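Participant: Residue numbers (the UniProt record's numbering): 1 to 117.
Positions of the beta carbon are idealized from the N, C-alpha and C atoms, including for glycine.
Just so you know, these numbers come straight off a predicted model, no measurement behind them.
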Amino acid sequence: MKKVLKITLMIVIILTIIISLFCLDRYMYQKHKEEKIQQEVHQIFKQKGWEDKVKSEENMFSYNTGYNYYEVVFKDEPYNVYQYYYDEDNKIVGDAFLNLPRNAKKPKNFKESYDIK
């Protein structure tokens with residue numbers, strides 16, 4: 001009986017170590033990818049002179065798909081969100097989501113008027 005208990009305890013300890021190492025590896029991989037894309041996007045912003053125009057930036061990583069996005073909102077365009085990520089050729093590409101209503105806080109009596117010419 002004691003021998004079976006020792007073997008079961010050893011198996012549980014070994015499985016716990018393996019699972020914790022796997023989780024640590026996934027976490028370190030995520031952090032490495034986030035830092036890599038952040039450095040690349042900041043380098044592009046520096047080349048174009050956009051680094052002072054950034055209002056907010058956030059890393060988005062999905063364990064399900066493995067995709068890592070870098071979301072940026074600029075000061076002069078607060079309702080537009082830009083996502084930067086690596087494509088299949090390992091190049092930085094970006095998508096723009098214009099006029100997102102999730103951050104838009106308008107006054108109660110807000111009316112948009114358009115001039116048609």
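Run through the stretch 52-104 for me and flag every whole beta strand (DSSP E) of 3 or more residues, listed as ranges in chain order.
Facilitator: As far as the stretch 52-104 is concerned, its whole beta strand (DSSP E) runs of at least 3 residues are 54-61, 68-74, 77-86 and 92-97.
Participant: Measuring only the C-alpha atoms, how far is tyrosine 69 from aspartate 76?
Facilitator: Rounded to whole angstroms, tyrosine 69 to aspartate 76 spans 21 angstroms at the Cα level.
Participant: To which residues of the same chain is leucine 78 closer than 6 angstroms at the C-beta, ignoring the five residues directly before and after it?
Facilitator: One detail in the question is off: residue 78 reads as proline in this sequence, not leucine. Cβ neighbours of proline 78 beyond the five flanking positions: none.
Participant: Taking just the CA atoms, how far does valine 72 sit from lysine 6?
Facilitator: About 54 angstroms.
Participant: Suppose you measure from the CA of valine 41 to the CA of isoleucine 13; what does that come to, to the nearest Å?
Facilitator: If you take the alpha carbons of valine 41 and isoleucine 13, they lie about 42 angstroms apart.
Participant: According to DSSP, is methionine 1 helix, strand or coil?
Facilitator: The answer is coil: DSSP assigns methionine 1 none of H, G, I, E or B.
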